[in-house]
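Written out below as structure tokens is the structure these notes cover.
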Amino acid sequence: MIKSLRAARTLSGVVNLPGDKSISHRYAMLAAISEGTSVFSGFASSRDCHSTLDCLRALGVEVSVSGDTVAIQGRGLSGLKKSRQVLDAGNSGTTIRLLSGILAGHPFETAITGDSSLSGRPMGRIIRPLQQMGAVVESRDGGLPPLKIRGGQLKSVRYTLPVASAQVKSCVLLAGLYADATTAVEETIPTRSHTEIALREFGATVRISGNWIEVDPNPHLRGQTLRVPGDLSGAAFFLAGAALVPGSELLLPGVGLNPSRRTLLDYLVRSGLDLKVLNEREDAGEPRGDLRVRYSPDLLQSRMPPIQGNDTASMIDEIPVLAVLGAHTAGLEISDAGELRVKESDRISAIAANLRAMGAEVSEKPDGLTIQGGQTLQSADIVTRNDHRIGMAFAVAALAAKGETRIIDAECADVSFPGFWETLAGVAR
Ligand code: S3P
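Take 608 as the starting number for the sequence shown in the working numbering and just add one per residue.
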């Protein structure tokens, strides 16, 4: 599908976001290994989270979906059944990496694969700790999917993450549920903390001390009834859109504001965005609130603060749209973002190529981008590389560009934000 977009006169109205993708994956997996029924409202409609649900079904879990409500009959900690088919994680790194941690605790062999993008993404980062814990894991070409995992009783580890990755941290913590003693993971750069929070909600014992996160084995996990907050990473496209388009004002209700993710909001406010958090509350350990954003001419005049260090890790999924914002403003320097090269596409290269196609001056670094800014962007054909965040980020670029921009393979947005194009059309005038 090709989506054609022109500059918007203004953006106004209410944006209803899909449920948070990261939280939905975790709730579904923990529900599957709990006892009793779990019911989740606001569950992510994203294609990625449905990949997780399909994998769980293949492992013998009863899952029913009605609108954005998902009910899961738990099978207990070690109750998954051997799948008769190869599991398909689709485009989803979170599905393959987190589920591998759980499969490593089950005494049968499972094969798990994904689409062509996922099949090129590094799995050595989870294979190494799982092997240290005693699981047998085979992969293609020394670390690519498909993976074959034969699990069982695991040995506990104290593991220092070699990359800032919530997926790797979560994989080891989930495998730790099946270990012979307490498992500990050290992260020197903080990443999203949804697994730690969700494990506690379902009844596991998790202790955090400094950089170390510990999980006790063999917990009695119980099914939960929970509401998933709106996806802050999905909100980012609309926050950026409102920042760019004159006269805009948007309200985004019920957005997840986990401290490990809300760096984005602080960063945007520091950049000059008129953004307010209203009605802040907490539910199931996950803060949430309503966001009100208004067009911010000041932001457009100045260079955006550099994105580097721990901030890069906390905003890793928002960098494509922040880069677009940087090109429309007076420029932006992005560093310490080497991980972007192994996302759904090489996002550093995809951002640079598409910004250049729109007339921006951009140079690629191994771990980031230098974006000059200060030019009016021109329409172009955007090559999304089937990467949802590239497609949506450049939809935002088009809202303030000259002429008609065409987003190629625009259906990729469904991976995290089904209904994105309709939601955008609903607020753009
Ligand atoms: C995610 C972690 C991040 C992020 C991804 C979702 C998660 O990946 O980019 O979209 O849900 O744990 P990494 O762990 O590879 O950094």
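All C-beta atoms in this analysis are idealised placements derived from N, C-alpha and C, irrespective of residue type, glycine included.
query                                                                                                                                                                          : result
Along the chain, where does the beta strand (DSSP E) that runs through V990 open and close?                                                                                    : 988-990
Could you check the C-alpha separation between P973 and R888 for me, to the nearest Å?                                                                                         : 40 Å
Quick one, which of Q979, G861, E968 has its alpha-carbon nearest V884's?                                                                                                      : G861
Write down every uninterrupted run of the beta strand (DSSP E) in the stretch 696-731 whose length is 3 residues or greater and which is fully enclosed by it, in chain order. : 716-720
Just to confirm the assignment: which complete beta strand (DSSP E) runs, minimum length 3, are found wholly within the stretch 616-672?                                       : 619-621, 644-648
Any contact of the stretch 759-776 with the stretch 678-692, i.e. 3+ C-beta pairs under 8 Å?                                                                                   : no
Considering only DSSP beta bridges, list what T977 is partnered with.                                                                                                          : E940, S970
For a quick check, are the C-beta atoms of R682 and A718 less than 8 Å apart?                                                                                                  : no
Could you check how far apart the C-beta atoms of P714 and G759 are, in whole angstroms? I think they sit under 8 Å.                                                           : 4 Å
Going straight from the alpha carbon of L947 to that of I997, what length do you get?                                                                                          : 12 Å
Using the three-state DSSP reduction, which class does S777 fall into: helix, strand or coil?                                                                                  : helix
In the DSSP assignment, what are the bridge partners of D890?                                                                                                                  : E893
Quick check on E803: buried or exposed, where buried means 16 or more other Cβ atoms within 10 Å of its Cβ?                                                                    : buried
Please report the residue range of the alpha helix (DSSP H) in which L592 lies.                                                                                                : With the chain covering 608 to 1036 only, the question about residue 592 has no answer from this structure.
Determine, using beta carbons only, whether A967 and Q982 come nearer to each other than 8 Å.                                                                                  : yes
Just to confirm before moving on: does the CB-CB distance between V770 and L780 stay below 8 Å?                                                                                : no
Helix, strand or coil for S840 per DSSP?                                                                                                                                       : helix
Is there at least one non-hydrogen atom of the ligand S3P closer than 7 Å to the beta-carbon of A842?                                                                          : no
Please name the residue in I914, N961, D924 whose C-alpha comes closest to that of G938.                                                                                       : I914
Beta carbon of R613: closer than 7 Å to some heavy atom of the ligand S3P?                                                                                                     : no
With P753 as the anchor, note down where its beta strand (DSSP E) starts and where it stops.                                                                                   : 751-757
Use the C-beta contact count for P853: other C-beta atoms within 10 angstroms, 16 or more gives buried, fewer gives exposed.                                                   : exposed
Would you check if there are 3 or more beta carbon pairs closer than 8 Å linking the stretch 874-881 to the stretch 826-833?                                                   : no
The ligand S3P and E968: does the residue's C-beta get closer than 7 Å to at least one heavy atom of that ligand?                                                              : no
Taking DSSP as the reference, what is the three-state secondary structure of I955?                                                                                             : helix
To the nearest angstrom, report how far apart L880 and G686 are at their CA atoms.                                                                                             : 49 Å
Thinking C-alpha only, which one of G712, V775, S611, T767 is nearest A730?                                                                                                    : Checking the displayed sequence, the identity of residue 730 turns out to be Met instead of Ala. M730 has its Cα closest to that of V775, out of G712, V775, S611, T767.
Between the Cα of A711 and those of G741, H995, G697, spot the shortest distance and give me the residue it belongs to.                                                        : G741
Should the stretch 833-851 be called in touch with the stretch 657-669, which here means at least 3 C-beta pairs below 8 Å?                                                    : no
Measure from the alpha carbon of L907 to the alpha carbon of each residue in V621, M636, L684, G933, then state which is nearest.                                              : G933
Please say whether A805 and L637 have beta carbons closer to each other than 8 Å?                                                                                              : yes
Any idea if K688 is buried or exposed, counting beta-carbon neighbours within 10 angstroms, 16 or more meaning buried?                                                         : exposed
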